[in-house]
Amino acid sequence: LAQAADAAPGRDTAQPAAASTAQRKRILLVDDNLDAVSLMANLLELHGHDVQVFNEPLAALAHLDRFLPQIAVLDIGLPTMSGYALAGHIRQRLNGRPCRLFALTGYGQAIDRERASAAGFEQHLVKPVRVEHLLGLIAADAPHAIADSRSS
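Here's what the structure looks like:
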């Protein structure tokens with residue numbers, strides 16, 4: 012997860028404003044990169060979101076019914092099953108409950124975006140993801156077509 016590195020001496024470093032109750036989202040993060048997913052979770056929590064983190068897809072599925080995420084950010088290269096397969100299981104388990112799916116991957120070719128779209132992902136995010144970009148996608152109420160996220 013990349014953050015803007017434009018902090019200058021003397022710049023106001025106040026904490027980010029917490030999301031209002033209406034903007035607060037339940038976000039499921041599934042990534043086997045412990046450091047990266049912990050950083051992402053901390054940043055999302057600082058912005059007022061309720062975040063659950065799992066490093067293994069089967070554990071995420073086991074807790075899905077209790078958490079009922081509004082957004083799931085899934086690494087594609089996971090152990091035991093791919094993020095594509097996990098997305099299908101999430102859709103099936105939620106049985107029509109809305110959950111926006113964001114693919115998180117190191118691969119950013121057109122074919123990778125097409126595969127993410129075909130698997131039901133709303134977004135295809137290429138690592139490292141800019142915090143501002145991710146927060147903007149989370150804040151958006153309506154799904155967006157998959158676009159190249161590298162330029163954000």
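Take the sequence shown: its position 37, counting from 1, is numbered 48 in my numbering, and each next residue is one higher. Where is the CB? At the ideal position from N, CA and C, for every residue including glycine.
Boundaries of the beta strand (DSSP E) harbouring D61: 61-65, taken from the DSSP string. Exposed is the label assigned to L69, since fewer than 16 other Cβ atoms lie within 10 Å of its Cβ. Shown here for P90: same chain residues with a beta carbon closer than 8 Å to its own, the five before and five after excluded, namely D43, E67, P68 in chain order. Counting along the chain, Q134 sits inside the beta strand (DSSP E) bounded by residues 134-137. Comparing alpha-carbon positions, the option among Q103, L72, Y95 lying closest to T116 turns out to be Y95. The three-state reading of DSSP puts I101 in helix, counting H, G and I together.
Here I38 carries a strand assignment [DSSP, helix/strand/coil]. In the three-state scheme derived from DSSP, where H, G and I count as helix and E and B as strand, I82 is classed as strand.
Looking at the backbone, the Cα of G88 and that of R77 are separated by about 25 Å.
CA-to-CA, the gap between A130 and V64 works out to about 21 Å. For A83 against L39, the beta-carbon gap comes to about 4 Å, under 8 Å, which counts as contact. Each residue's CA atom was taken as its position, placing I122 and A52 some 28 Å apart. Spanning the alpha carbons of N106 and S49 requires a straight line of approximately 28 Å. DSSP places A121 inside the alpha helix (DSSP H), whose first and last residues are 121-129.
Per DSSP, the unbroken alpha helix (DSSP H) holding L146 starts and ends at 142-150.
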